[in-house]
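Those letters in the sequence shown? Residues 20 to 106, by the numbering used here. Idealized CB from N, CA, C, for every residue including glycine. Here the structure is a predicted model, which means the values were calculated and not measured. Data first, discussion second: the structure below is written as structure tokens.
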Amino acid sequence: MTERTETADEAAEKAGEGGYLVRADRSRCIASGSCVLTEPAVFDQDLTDGFVLLRDPRPGRERRRAVLRAVDGCPAGALSVVEPAGE
Ligand code: SF4
């Protein structure tokens, strides 16, 4: 069976009312740890391979600025934010 990738619209729908969704692509992660240093409430690293883990994919508006800093600062482009429709 082939695994189906979630579309951006579906991900945004899951993000709920007014929220945003954080995505992390572990296949692109190079285990730098930058995101964890920037926002440890949202990002973590796997103890075995060092790749990113999401502690909270829906962190809320209070963490938005730090999350966007982490996304911008990821050297591998492995992080992204899916905005709800209309924003
Ligand atoms: S900043 Fe990017 S490359 Fe570094 S651990 Fe986080 S997701 Fe992986």
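- Going by beta carbons, residue 97 and residue 60 fall outside the 8 Å limit.
- About 11 Å separates the CB atoms of residue 55 and residue 65; that is not less than 8 Å, and the two are not in contact.
- Within a 10 Å sphere around the beta-carbon of residue 89 sit 16 or more other beta-carbons, which makes this residue buried.
- Annotation: residue 47 to residue 95 spans about 6 Å, alpha carbon to alpha carbon.
- For residue 40, the shortest separation between its Cβ and any heavy atom of ligand 1 does not lie below 7 Å.
- With a cutoff of 7 Å, residue 51 counts as near ligand 1, since its C-beta is closer than that to a heavy atom of the ligand.
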